[in-house]
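So the sequence shown is residues -21 to -1, 1 to 527, counted in mature numbering (1 follows the signal peptide of the UniProt record, and there is no 0). What follows is a short report on a single structure.
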Amino acid sequence: MKKIIISAAAAAMLLSSAAYAAGPEIDFDYNSGMLTIQGTTEKPDETITLNILKPGVDIEQLYGENGESILHNDYTVTDDNGRYSFIIPIPEGAEKGQYTGYIGAPSFDAPEEFTLAYMSGEEYAEAVGRLNAAAGDAQEFKSVLDEIGEEIGFVNSLTSVVDADEAAELLRKAVAEQSLSTTNSGDNKKLYDTITVIQAFNENKMTDFADYADSIIIDNEKTIEFYKDIISGGSAEAVFTYAASGKNIQSIDELETVLEDAVMISVVRYPDGIGNIEKVLKEYKDRTGAKTDSAKNANYSAISGKSYSSVDALIQAFNNSVNSNGTGTGGGGGGSTGGGGSTGGGGSTGGGNIASPINPSNPTKPEIGIKFEDLNSVPWAYEAISKLFSAGVISGRSETIFAPNDFVTREEFAKLVVTAFGFNDDNFTNNYVDVPKGAWYEQYVCSATEHGICNGIGDSKFGVGTNIKRQDMCVMIYNAIKANGDSLASAGIEFSDAADIADYASEAVGALANAGVVNGVGDNLFDPNGTATRAQAAVIINNALEMQ
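Here's what the structure looks like:
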């Protein structure tokens, strides 16, 4: 056991009650006597401190004392993924009781507090054995649980919230099916946490599933990954919680199905890119019958941003869209009119294949609504902006400003394409000298490069901050379509300024113009080196998605 002299400043820091990161995962193996504490700060190479106090010690007792109140003090450094881990031998003869611990880090608002119930291995095995023996009698099981539950660590923030009798009965059924371990407290605690999560959902009392996402029993880890990466902390969180609540879940297997359904319903409602819809539907297709093998981006767009009361209704709408080649639920899209092609009646140069004008005084709003107040100048782009906004592909400069006539930079367009076509990867290589590590666009630019959607401008530069040229925009769209497994018919270029189109872009421009994805700027000109506005980029992206 280590002893330290803890400073008054450190003790004052420990007194703070707020926390930055999710609570650590705690596991104690009574066979080896080893305590494992692990978690994440999502920051690499960060120093993590650990202090575990003895039972009955008040944090204020640390002021001015020589460490007698501390069971263990340690530190470590997070790995490249921000993960940390402590493996600690519990001293022989350690006192039975509730230990309080604190995890600290520079990035935390304040240290994270946790509790650990400890008793000797013999005492733990005896206590757990009593629960196992009582699993055949509901009344006896509840009595034993009330007596020893807290001692063996069967307590969490939901314990006092949910119906104790109902939770005890769910736990009894689980223990009757699979006995508790007499040596692994971590597995047992995970079972208890899972049961209380089930009961909280059943009673519509779950308020923050994020607190338990990493501490429940679940076979398919992708479900938790989807929750943490797409749903947690965003607009989809409330939809997820609502979809999983009030289902009268009676087993861990049923919980897994309910969580899968909640993931699908909430991600479709608030997808943050149709690529996320594609990921979740493909993951669960064997159970749901989703026809993802023959689906195209237009089919995912057809259900994006919509509310479904059940997964059955969601899958039916999706499969109907696939069966109708994308023209079913949520379809749409206009023709190629609009006052001289890409000028769209708004006077902006650049362009794309412009949808039929929409009456700006009475536009067709998407299901979730758009709050942008500056779209009256681009009525021809309203539908495209609405659909892409609903799908999480595009966002505004603020909650009310879209800035439709601002020009689009190369990195901004890379994000649009990667998000729209679902090519955003967590694992990527950054070889660009002008794409800083951690920049908001790094992942999008590098994902686009790795999927063959775009290249740099030479000298290991991507061209960050420069407005994208119309011909380069076509190249990105064309390459994304090919990377998605689709193809476009080749076609000659009939624009008067065809000679100005770079050789690397001529195939893309010809194919997209022939497919009606892009048009010229008037007078039979394409203007390959011209720029594009945000409104025009939205229309072109939407056209590309709908033609698949």
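For each residue, glycine too, the CB sits at the ideal point set by N, CA and C.
Alpha helix (DSSP H) runs wholly inside the region 53 to 124, at least 4 long, in chain order: 100 to 112
Pull up the DSSP beta-bridge partners for Thr138, would you. In the DSSP output, where bridge partners are listed per residue, Thr138 has none listed.
Is Tyr279 helix, strand or coil when you go by DSSP? helix
Less than 7 Å between the beta carbons of Ser158 and Asn111, yes or no? yes
For the structure I just gave you, are there three or more beta carbon pairs, one from the region 247 to 258 and one from the region 223 to 232, closer than 8 Å? Output reads no: the region 223 to 232 does not touch the region 247 to 258.
Below 8 Å, how does it come out for the region 73 to 86 and the region 25 to 37: are there three or more Cβ pairs, yes or no? yes
Can you give the beta carbon distance from Ala360 to Ala514, rounded, assuming they're within the 8 Å contact cut? 4 Å
Would you mind reading off the limits of the beta strand (DSSP E) that contains Ile5? Glu4 to Asp8
Compute every distance between the C-beta of Leu504 and the non-hydrogen atoms of the ligand PLP, then say whether any falls below 6 Å. This structure lacks the ligand PLP, and indeed carries no ligand of any kind.
Identify the continuous beta strand (DSSP E) that holds Met185 and give its terminal residues. It is not in any beta strand (DSSP E) - Met185 carries neither H nor E in the DSSP assignment.
Which of helix, strand or coil DSSP assigns to Ile174: helix
Tell me the rounded alpha-carbon separation between Ile210 and Tyr249. 8 Å
At least three beta-carbon pairs within less than 8 Å, the region 462 to 470 to the region 435 to 445: no
In the DSSP assignment, the alpha helix (DSSP H) including Met455 goes from what residue to what residue? Segment Arg449 to Ala462, the alpha helix (DSSP H) holding Met455.
CA-CA distance, Gly325 and Ser86? Residue placement at Gly325 is flagged as unreliable, the pLDDT there being 32, under the threshold of 50; the coordinate-derived value follows with that caveat. Between Gly325 and Ser86, the C-alpha separation is close to 48 Å.
Within 8 Å, do at least three Cβ pairs link the region 476 to 492 to the region 420 to 430? no
Contact defined as beta carbons within less than 8 Å: I believe Thr186 pairs with Val242. What is the distance between those atoms, to the nearest angstrom? Contact flag wrong, Cβ pair sits at about 18 Å.
If Pro3 sits next to Glu91, beta carbons under 8 Å apart, how far is it from one beta carbon to the other, in whole angstroms? The pair is a contact, with the Cβ atoms about 7 Å apart (cut-off 8 Å).
Any chance the region 288 to 307 sits against the region 263 to 274, with 3 or more Cβ pairs inside 8 Å? yes
For Gly83 versus Pro23, is the C-beta spacing smaller than 7 Å? no
Selection from Ala481, Ala382, Val496 and Gly375 that minimises the alpha carbon distance to Pro507: The shortest Cα separation from Pro507 among Ala481, Ala382, Val496 and Gly375 belongs to Ala481.
Shortest alpha-carbon distance to His51 belongs to which of Thr28, Asp59 and Tyr483? Thr28
Do you know whose CA, among Val396, Ser288, Leu137 and Leu395, lies nearest Tyr171's CA? The shortest C-alpha separation from Tyr171 is found at Leu137.
Candidates Ile432, Met452 and Ile49, of which the one nearest Gly509 by Cα: Met452
Would you kindly work out how many angstroms separate the C-alpha atoms of Ile16 and Phe407, rounded to a whole number? 30 Å
Is Val518 helix, strand or coil when you go by DSSP? helix
Residues in the same chain with beta-carbon distance under 7 Å from Ala494, minus the five sequence neighbours each way, listed in chain order, please. Leu467 and Met526
Assuming contact is defined by CB atoms lying nearer than 7 Å, are Thr175 and Val141 in contact in what I supplied? yes
Quick check on Pro415: buried or exposed, where buried means 16 or more other Cβ atoms within 10 Å of its Cβ? exposed
Using three-state DSSP, classify Lys33 as helix, strand or coil. coil
For Arg389, count neighbouring C-beta atoms within 10 Å of its own C-beta (all shown protein chains included) and say buried if the count is 16 or more, exposed if not. buried
Buried or exposed for Asp479, please, with buried defined as at least 16 other CB atoms from any protein chain shown within 10 angstroms of its CB. exposed
Could you check whether Ala363 and Asn521 sit closer than 7 Å to each other, using their CB atoms as the reference points? yes
Cα-Cα separation, Phe400 to Asn409: 20 Å
From the DSSP output, which residues share a beta bridge with Phe386? Phe386 is bridged by DSSP to Thr512.
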